[in-house]
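Engineer:
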């Protein structure tokens, strides 16, 4: 039964441009185009969420590292104290500590200037006991134990109070972690929403292509073959949508990076940069967006295949 | 459940046999063809296809058996978004064969049925007769052991009808069992050697053909 019904040698090659292996599930349909749009939007939002989470995680890491590399000694003098000598003594003690890279005292004028945002400019603060600040830069990444320095300051300059910013850094860290967890949850919700949309689209495509499925069965196609065709169809749609959404997200972050570079040189730019980082995704961030797009494509194909296989198994 | 279309029929289709299934419209010819094609399950009774009880077939078995059957449907059942070539090649593609391995075979068969210049056309632009021939070519391309053809010459002129019938006869000589549902008496008379299965009032009467 394997003998060909006609002699293949007699056959002549068809003319060029001859269509020979078109997808068995029609590529262009209203439902297919709508799914591409949905996937593109979802991918864009998922990439934005993932990118934002990465930016916040990076910025949080930078904040913590900066904050923990600095410590502050606050000298609160009594009316009878010689402030300058107390400050000089505290600076000397701090500078001698092995974990300290440098210690620098703010002048009286600099300390008073720090109060301007609250008290206004042009006030005579000479009668007020304005505390004096000593900025201490630590060696390493701020993991040092400052107990020895604290003890030395307490015994030599009891008016001095060392703040290593750990409480503040911990709060910042908690806040940033909460934002990253929220972003991850949003990302997961978007993936679930996208999966649901793909599920509906697959069921719709199966209903719309029932005739094709029936013909395929009648000509001897297995369920696996049919599911593979649907998988390829939806993987194509998924890839199409993911590429559009992913490219839009990459363009968004590239533009944001350019704008933040421009803002950094404008008034207030430093504050924005300090709060949100530079808005610039690292190359690993862009790679992560690529991974999101690839995952969306794979998810679309696999999910539709699973749904199709389940549906076909119920058919008689 | 509605009334029975056909009931209490006993017949077999022998390997390498040739028969017409005939009877008035609505007598149940198409239903019988669908039962033999395993696309319908009987509400009662037993159907054995290639020695296997149809009721006990798994999905994989069903796929394997269908690959041994070629079917020509009354409504052609061509896929509109594929070309004529792709429609005819569909059974081979569904078997997982590479396009380059079957191209020559499909092209030659299409030329044989007179569709050599319509290979790249899609079914919506084909005439009824062209669709008919494409549907026949699709059924023949796998060299089936059993060919079921439902009114395969209903949309073609008498000359082409005879030519297509000769193709079925040739296939039968090569070892295929052929069942052709038709109510074209003239056509059946031209192939007097064929057995006739006549369905009417839900019953079946068999007339053996005359030796050729």
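Protein chains in written order, with our numbering: chain A, 66 to 381; chain B, 248 to 459. C-beta: ideal position from N, C-alpha, C; glycine also. Please read all numbers here as calculations on a predicted model, not as lab measurements.
Quick one: residues in its chain with C-beta nearer than 8 Å to the C-beta of residue 261(B), no 5 flanking neighbours on either side, listed in chain order?
Structural biologist: So the qualifying residues of the chain are 424.
Engineer: Determine contact between the stretch 156-164 of chain A and the stretch 214-225 of chain A, defined as no fewer than three beta-carbon pairs at a distance below 8 Å.
Structural biologist: Output reads yes: the stretch 214-225 of chain A touches the stretch 156-164 of chain A.
Engineer: Quick one: is residue 70(A) near chain B, going by C-beta distance under 8 Å?
Structural biologist: Confidence in residue 70(A) is poor, its pLDDT being 49 and thus under 50, which makes the residue's placement unreliable; the coordinate value appears in the next sentence. So, interface residue.
Engineer: Give the residues of chain A in contact with residue 362(B), contact being defined as C-beta atoms less than 7 Å apart.
Structural biologist: Residues of chain A passing the Cβ test: none, with the nearest at roughly 12 Å.
Engineer: I want to know whether the stretch 297-304 of chain A touches the stretch 354-362 of chain A - three or more CB-CB distances under 8 Å.
Structural biologist: Flag = yes, the stretch 297-304 of chain A and the stretch 354-362 of chain A touch.
Engineer: Which complete alpha helix (DSSP H) runs does the stretch 88-163 of chain A hold, if anything under 4 residues is left out?
Structural biologist: If we require 4 residues or more, the alpha helix (DSSP H) runs fully inside the stretch 88-163 of chain A come out as 95-134, 148-161.
Engineer: Is residue 284(A) close to chain B, meaning its C-beta is less than 8 Å from at least one C-beta of that chain?
Structural biologist: At least one chain B Cβ lies under 8 Å of residue 284(A).
Engineer: Name the residue from 287(B), 328(B), 333(B), 396(B) whose alpha carbon lies nearest to the alpha carbon of residue 366(B).
Structural biologist: Closest by alpha carbon: 333(B).
Engineer: Between residue 87(A) and chain B, is there a C-beta pair that is closer than 8 Å?
Structural biologist: Closer than 8 Å: yes.
Engineer: According to DSSP, is residue 299(B) helix, strand or coil?
Structural biologist: Strand.
Engineer: Based on DSSP bridge pairs, tell me the residues matched to residue 197(A).
Structural biologist: Bridge partners of residue 197(A): 140(A).
Engineer: Using a Cβ-Cβ distance cut-off of 8 Å, determine whether residue 278(B) contacts chain A.
Structural biologist: No, because no Cβ of chain A sits closer than 8 Å to the Cβ of residue 278(B).
Engineer: Exposed or buried, residue 288(B), counting other C-beta atoms within 10 Å across all chains shown (16 or more means buried)?
Structural biologist: When all chains shown are included, residue 288(B) counts as exposed.
Engineer: The stretch 320-339 of chain B: which residues have C-beta closer than 7 Å to a C-beta of chain A, in chain order?
Structural biologist: If the cut-off is 7 Å between Cβ atoms, the stretch 320-339 of chain B has 324, 326, 328, 329, 330, 332, 333, 337, 338 near chain A.
Engineer: For residue 293(B), return the contacting residues in chain A, with the cut-off set at a CB-CB distance below 7 Å.
Structural biologist: Near residue 293(B) there are no residues of chain A at all, since even the closest Cβ is about 17 Å away, more than 7 Å.
Engineer: The beta strand (DSSP E) with residue 315(B) in it runs from where to where?
Structural biologist: Counting along the chain, residue 315(B) falls outside any beta strand (DSSP E), and DSSP gives it neither H nor E.
Engineer: Taking 8 Å as the cut-off, does the stretch 285-294 of chain A touch the stretch 308-320 of chain B (at least 3 CB pairs, one atom from each stretch)?
Structural biologist: Taking 8 Å as the limit for Cβ pairs, the verdict is that the stretch 285-294 of chain A does touch the stretch 308-320 of chain B.
Engineer: Do you know offhand how far residue 331(B)'s Cα is from residue 382(B)'s?
Structural biologist: One C-alpha to the other measures close to 9 Å.
Engineer: Spatial neighbours of residue 369(A) within its chain, please: C-beta separation below 7 Å, excluding the five flanking residues on both sides.
Structural biologist: Same-chain partners within the cutoff: 263, 267, 295, 296, 299.
Engineer: Residue 453(B): buried (16+ other C-beta within 10 angstroms of its C-beta) or exposed?
Structural biologist: With fewer than 16 Cβ atoms within 10 Å of its Cβ, residue 453(B) is classed as exposed.
Engineer: Can you give the Cα-Cα distance for residue 421(B) and residue 265(A), rounded to whole angstroms?
Structural biologist: Roughly 48 Å separates the two Cα atoms.
Engineer: Grab the span of the alpha helix (DSSP H) containing residue 397(B) for me, first residue to last.
Structural biologist: No alpha helix (DSSP H) contains residue 397(B), which is instead part of the beta strand (DSSP E) from 393-397.
Engineer: Return helix, strand or coil for residue 362(B), following the three-state DSSP convention.
Structural biologist: Looking at residue 362(B) - three-state DSSP - the assignment turns out to be coil, as it is neither helix nor strand.
Engineer: What residues from chain A crowd round residue 283(B), counting only those whose CB sits closer than 9 Å?
Structural biologist: Within 9 Å Cβ-Cβ: nothing; residue 283(B) doesn't reach chain A, min ~12 Å.
Engineer: Would the stretch 91-109 of chain A count as touching the stretch 181-199 of chain A if we require 3 or more Cβ pairs under 8 Å?
Structural biologist: These segments do not touch.
Engineer: Assign residue 330(A) to one of three DSSP states: helix, strand, or coil.
Structural biologist: If DSSP states are grouped into helix, strand and coil, residue 330(A) belongs with coil.
Engineer: Using a Cβ-Cβ cut-off of 8 Å, state whether residue 420(B) counts as contacting chain E.
Structural biologist: Of the chains in the structure shown, none is chain E; the protein chains are A and B.
Engineer: Could you pull the start and end residues of the alpha helix (DSSP H) that residue 418(B) belongs to?
Structural biologist: Segment 405-420, the alpha helix (DSSP H) holding residue 418(B).
Engineer: List the residues that DSSP assigns as beta-bridge partners of residue 169(A).
Structural biologist: Residue 169(A) pairs with 200(A).
Engineer: What did DSSP end up calling residue 330(B) once you bin it into helix, strand or coil?
Structural biologist: Coil.
Engineer: What residues in its chain sit with their C-beta under 7 Å from that of residue 68(A), if we drop five residues either side in the sequence?
Structural biologist: With a pLDDT of 47 at residue 68(A), under the threshold of 50, the modelled position of this residue cannot be trusted; read the value that follows with caution. The answer is none, since no qualifying residue turns up.
Engineer: Closest to residue 247(A) by CA distance: which of 372(A), 118(A), 274(A) is it?
Structural biologist: For residue 247(A), the nearest C-alpha among the options comes from 118(A).
Engineer: Run through the DSSP bridge pairs and tell me what residue 225(A) is partnered with.
Structural biologist: Paired residue(s): 140(A).
Engineer: What residues from chain B crowd round residue 302(A), counting only those whose CB sits closer than 7 Å?
Structural biologist: Those do not exist, as residue 302(A) stays about 16 Å from chain B at its closest Cβ, beyond 7 Å.
Engineer: As a quick exercise: from 155(A), 314(A), 171(A), 83(A), pick the residue whose alpha carbon is nearest that of residue 220(A).
Structural biologist: Minimum Cα distance to residue 220(A) is reached at 155(A).
Engineer: Which residues mark the beginning and the end of the beta strand (DSSP E) in which residue 266(B) is found?
Structural biologist: Element bounds for residue 266(B): 265-269.
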